[in-house]
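Each remark here refers to the structure printed beneath this line.
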Amino acid sequence: MKKSKKVFVIWLPALSAIFILLTAFSYFGSGTSNTPPPDDNLVIPENINNIFDKSCFGCHNTESKNDKAKEKFLIDKLPGLSKVKMVSKLDKINEMVEKNEMPPEKFLAKFPDKALTPEEAKALREWAVATSDLLLKK
Amino acid sequence: MRKWIMNALIAVAGLFVIIQFFPSGRPQNKPVTGKDIASVTEVPEEVGNLIRQACFDCHSQNTRFPWYSYVAPVSWLVAKDVNNGRKNLDFSKWGELSKKDKLKTLDEISEMVGEEEMPLKIYILMHSEANLKKEDRDLIVQWADETAEKVFEE
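Here you go:
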């Protein structure tokens, strides 16, 4: 084998392999959750509670087996959050429902009856926005 | 060397060369004056240094592009992360956010850093300075929570 060709055959593939390996790493998530101090008294109205129960509570409660969902948002702990954290979570609920990110698509594929109806989505978003507006004004 | 191995290697190398000609969609830095987080909000020097080192490459208009970020397929990955990162949070455009969006974003920062979801693992692999220690993470989380309290009271 000629030297130049040998260099090509050995080094280019080696370099390519390094780059391909680098991209092969994917993202992992891990960690612990932190508990903010309890503060305000939020009362979730019944119609909203029913929506949560049907479409969200299964994943977002303290006893849930879905660790990622638990870490991010606990419906049973929502009323105990500090005002600041509560505003953030309420806005996050609005965002997730607006973008159709919650409930997750994969979950809806298995349980289509848990999907939010357009009316439920609207009610949930309006409640979240109004409640967070109110907290911001106080 | 067996002939098929050689051919396979040449094919891989060829592919590597060819993909260099595909555009990566690498974003540009477009500085905005007066809107960056440090000019709008109080950012202690230590926290400022941490987020500059660990977050700004994906979440600001001050992205540094190292040499390998020009080489496909890494260039594609970098372009995707920076475009996506800025869409979710751009420290250079902090001043453009509404009060609610600031609060929501600060809460996300507190969570993402506290739960070690940010900076992205793949980024830490290439940037040891972004490998935040526990104390560093605590500092950022504390700053984000305190800043949220302040924004709330504004």
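Just so you know, the sequences run in chain order B and X. Here the first sequence stands for residues 1 to 138, where the numbers follow the working numbering. Here the second sequence stands for residues 1001 to 1154, where the numbers follow the working numbering. For each residue, glycine too, the CB sits at the ideal point set by N, CA and C.
query                                                                                                                                  : result
Residue of X:S1024, X:T1105, X:E1046, X:D1036 minimising C-alpha distance to F1065 of chain X                                          : X:S1024
Beta carbon proximity, V87 of chain B to chain X, threshold 7 Å                                                                        : yes
Under 9 Å by beta carbon: chain B residues contacting D1107 of chain X                                                                 : V84, K85, V87, S88, K89, D91, K92
Residue nearest to M1126 of chain X in terms of C-alpha spacing, selected from X:K1099, X:Y1068, X:L1106                               : X:Y1068
Own chain, CB closer than 7 Å to Q1053 of chain X, minus 5 neighbours either side, in chain order                                      : E1129, A1130
Beta-carbon contacts of P1031 of chain X that lie in its chain and below 8 Å, excluding the five residues immediately before and after : Q1061, N1062, S1092
Spatial neighbours of G1048 of chain X in its chain, beta-carbon cut-off 8 Å, leaving aside the 5 residues before and after            : A1038
Cβ-Cβ separation, I93 of chain B to A140 of chain B (assumed contact under 8 Å), whole Å                                               : The requested residue 140 of chain B does not occur in the structure, where chain B is confined to residues 1 to 138.
Check whether K103 of chain B and S55 of chain B have beta carbons under 7 Å apart                                                     : Residue identity check: residue 103 of chain B is Pro in the sequence provided, not Lys. Taking 7 Å as the Cβ cut-off, P103 of chain B and S55 of chain B qualify as a contacting pair.
Inter-stretch contact (C-beta, 8 Å, three-pair minimum) for the region 42 to 59 of chain B and the region 100 to 118 of chain B        : yes
Chain X residues whose Cβ lies nearer than 7 Å to that of E71 of chain B                                                               : E1115
Presumed contact (8 Å Cβ cut-off) between A121 of chain B and V84 of chain B, rounded CB distance                                      : About 26 Å separates the two Cβ atoms, so there is no contact after all.
Spatial neighbours of P79 of chain B in its chain, beta-carbon cut-off 6 Å, leaving aside the 5 residues before and after              : L42
Within-7 Å CB hit, K1150 of chain X to chain B                                                                                         : no
Proximity test, Cβ basis, 7 Å: K1104 of chain X and chain B                                                                            : yes
For P79 of chain B, the three-state DSSP class (helix, strand or coil)                                                                 : helix
Inter-residue CB distance, A1072 of chain X and D1107 of chain X (contact presumed, cutoff 8 Å)                                        : Actually they do not touch by this definition, with Cβ atoms about 36 Å apart.
Chain X within 7 Å of I51 of chain B, Cβ atoms only                                                                                    : no
Within chain X, the residues that S132 of chain B reaches when beta carbons sit closer than 7 Å                                        : K1100
V1141 of chain X and S1110 of chain X closer than 7 Å at C-beta                                                                        : yes
Simplified DSSP assignment, three categories, for A1079 of chain X                                                                     : helix
Range covered by the alpha helix (DSSP H) that runs through T1063 of chain X                                                           : Taken as a continuous stretch (DSSP letters only), T1063 of chain X belongs to no alpha helix (DSSP H), as it is neither H nor E.
Between the CA atoms of E1135 of chain X and E46 of chain B - distance to the nearest angstrom                                         : 43 Å
Contact check, S132 of chain B vs L81 of chain B, beta carbons under 7 Å                                                               : no
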